[in-house]
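Convert by adding 253 to the 1-based position in the sequence shown; the result is the number in our numbering.
For each residue, glycine too, the CB sits at the ideal point set by N, CA and C.
Structure first, commentary second.
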Amino acid sequence: MAEYRLMVAPNGARRGRGDHPELPVTPQQTAAAAAACYAAGAQALHLHVRDDAGRHSLDAGRYREALDAVRESAPGMAVQITTESAGVYDTSAQFACLEALRPAAASVSVREMARDTSIATRAYALCAEAGTQVQHILYGPDCIAQLRVWYQDGTVPGAMRDAIFVLGMYSPPVLAHPDGLAAFRDAAADLRLNWTACAFGRHEHACLLAAIAAGGDARIGFENNIETPEGGLLADNAASVAAFVQAARDAGHRLKEC
Numbered sequence: 254m255a256e257y258r259l260m261v262a263p264n265g266a267r268r269g270r271g272d273h274p275e276l277p278v279t280p281q282q283t284a285a286a287a288a289a290c291y292a293a294g295a296q297a298l299h300l301h302v303r304d305d306a307g308r309h310s311l312d313a314g315r316y317r318e319a320l321d322a323v324r325e326s327a328p329g330m331a332v333q334i335t336t337e338s339a340g341v342y343d344t345s346a347q348f349a350c351l352e353a354l355r356p357a358a359a360s361v362s363v364r365e366m367a368r369d370t371s372i373a374t375r376a377y378a379l380c381a382e383a384g385t386q387v388q389h390i391l392y393g394p395d396c397i398a399q400l401r402v403w404y405q406d407g408t409v410p411g412a413m414r415d416a417i418f419v420l421g422m423y424s425p426p427v428l429a430h431p432d433g434l435a436a437f438r439d440a441a442a443d444l445r446l447n448w449t450a451c452a453f454g455r456h457e458h459a460c461l462l463a464a465i466a467a468g469g470d471a472r473i474g475f476e477n478n479i480e481t482p483e484g485g486l487l488a489d490n491a492a493s494v495a496a497f498v499q500a501a502r503d504a505g506h507r508l509k510e511c
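Structure (structure tokens):
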């Protein structure tokens, strides 16, 4: 039996209502999804916001509106913003988002921060000063190698040991499989990371169960997968959370107390 933490990523940066009618886009839709997922067992929310056209945004004002809505709908739920560029933003804009919000928690891509190491140094220092819980987004062994260098040269404070292993890809589409976890674990074995896994595609639940069994935590949601294992559409984010919590329980695992 393993204990695990569960985060939900209900929308991401790329999918829209055309991909799934229950994918949240507005702050109100996101807040409603957060409340339903919290009731189903998700303990934390990975938050993306959109502009008026439904496109990915790092606008601090839009984040504040969404954060307020989620706090009202699910007051006990932890919230992590993302600084993901999604091919739209440069490192200056990512830093500006962190500086304006000084959030409790944020996901930060090592690969994206490496585009400008001077800004990366400032971003990690800002997060340390603000008390932001940084989760390093790691897409593969190359990202892990970069993170190792940054621990060694002090770019990333040694206390920032939270990371997420991203299995598979959205574009070009690469379906995640549980056996893909081994490459991450082997590459990061010496870094003492507190790691979570997310997984693209319909094998999401199988990948996350493997992650829990290996000592990690799980992030689930429509950012990474909108399908059942058989290839049909999931009803909504909360249904996926509930099904996963039950599957984990059936496998002998249980949610950690927060």
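- In the DSSP annotation of this structure, aspartate 272 is not part of any alpha helix (DSSP H), being labelled neither H nor E.
- Within the model, the alpha-carbon separation for glutamate 275 versus leucine 462 is close to 24 Å.
- In this structure, histidine 389 places its C-beta atom within 8 Å of the C-beta atom of aspartate 415.
- If you ignore the 5 residues before and after glycine 340, its C-beta comes within less than 7 Å of no other C-beta in its own chain.
- Judged by their CB atoms, histidine 456 and leucine 428 are nearer to each other than the 8 Å cut-off.
- Across the set His309, Met330 and Glu318, the C-alpha of Met330 shows the shortest separation from the C-alpha of alanine 293.
- Annotation: histidine 430 is outside any alpha helix (DSSP H) and is labelled neither H nor E by DSSP.
- Burial is judged here by how many other beta carbons sit within 10 angstroms of a residue's own beta carbon; serine 362 has at least 16 and is buried.
- Contact check for isoleucine 334 against alanine 359 passes: the beta carbons are separated by less than 8 Å.
- The three-state reading of DSSP puts histidine 299 in strand, counting E and B together.
- Taking the Cβ atoms as the reference, phenylalanine 453 lies roughly 14 Å from phenylalanine 437, outside the contact range of under 8 Å.
- Distance from the CA atom of arginine 401 to the CA atom of alanine 286, rounded to whole angstroms, is 36 Å.
- When the beta-carbon positions are compared, tyrosine 257 and leucine 508 come within less than 8 Å of each other.
- If you keep only unbroken alpha helix (DSSP H) runs of at least 4 residues inside the region 287 to 331, you get 313 to 326.
- By the CB criterion at 8 Å, leucine 311 and alanine 346 fall inside the cutoff.
- Under the three-state reduction of DSSP output, glutamate 480 falls in the strand class.
- Relative to aspartate 305, the option among His273, Pro280, Arg445 and Ala501 whose CA is nearest is Pro280.
- By the 16-neighbour rule on beta-carbons within 10 angstroms, glutamate 483 is exposed.
- Tyrosine 404 has its alpha-carbon roughly 31 Å from the corresponding atom of asparagine 264.
- By alpha-carbon distance to serine 371, the top candidate from Asp343, Val278 and Cys396 is Asp343.
- Look at alanine 442 here: in three-state DSSP terms it is coil, with no helix or strand label.
- Distance from the Cα of threonine 449 is smallest, within the candidate group His299, Pro277 and Arg267, for His299.
- Alanine 441 is classed as buried because its beta carbon has at least 16 other beta carbons within 10 Å across all chains shown.
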